[in-house]
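For the sequence shown, the positions run 29 to 117 when the numbering used here is used. All residues carry an ideal CB built from backbone N, CA and C; glycine is no exception. Bear in mind the structure is a predicted one, so any value in this text is a computation, not a measurement. Single-structure report; data block below.
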Amino acid sequence: MKSASEIHIGKELYLILDKLRIMEHALTYGRKEIDDAMVGAITGMTSELRSQLAAVIEAYTEREIKRVDERFSSSSGGASDRSSHPTPE
């Protein structure tokens with residue numbers, strides 16, 4: 029059975045991840061604000077908890093990058109179709 033502190037840490041990480049998703053959505057659609065409550069929550073964390081959060085964010089980011097790459101590959105026919113979307117030089 030998990031201790032009360034482990035449950036609290038789990039809830040805190042979940043809330044921060046939820047805020048990260050909200051921030052990601054806000055940044056995607058042009059709102060470039062950082063939530064003060066989130067900054068305060070991260071600042072108040074122990075270094076161990078910040079390390080855990082960093083690992084979770086890294087895993088989430090890698091998963092999202094892979095998802096977008098796979099979606100691009102399957103929808104555009106892979107690298108051969110990238111020429112139809114030239115990048116500015």
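C-alpha gap between residue i and residue j, whole angstroms
| i | j | result |
| --- | --- | --- |
| F100 | K94 | 10 Å |
| R49 | E86 | 14 Å |
| I44 | S75 | 15 Å |
| Y42 | E98 | 26 Å |
| M73 | V96 | 31 Å |
| S108 | S102 | The pLDDT assigned to S108 is 45, lower than 50, so where the model puts this residue is not dependable; a value taken from the coordinates is nonetheless given after this. Each residue's Cα considered, the two are about 12 Å apart. |
| K39 | V67 | 16 Å |
| L81 | D64 | 17 Å |
| V84 | T71 | 17 Å |
When the options are compared against residue i, the one with the closest alpha-carbon
| i | options | result |
| --- | --- | --- |
| E52 | Y88, E98 and S103 | Y88 |
Three-state class that DSSP yields for residue i in the structure shown
| i | result |
| --- | --- |
| G68 | helix |
| T89 | helix |
| M51 | helix |
| S108 | Low confidence applies here, because S108 scores a pLDDT of 45, under 50, leaving its location unreliable; read the following figure in that light. Of the three classes helix, strand and coil, the one that applies to S108 here is helix, per DSSP. |
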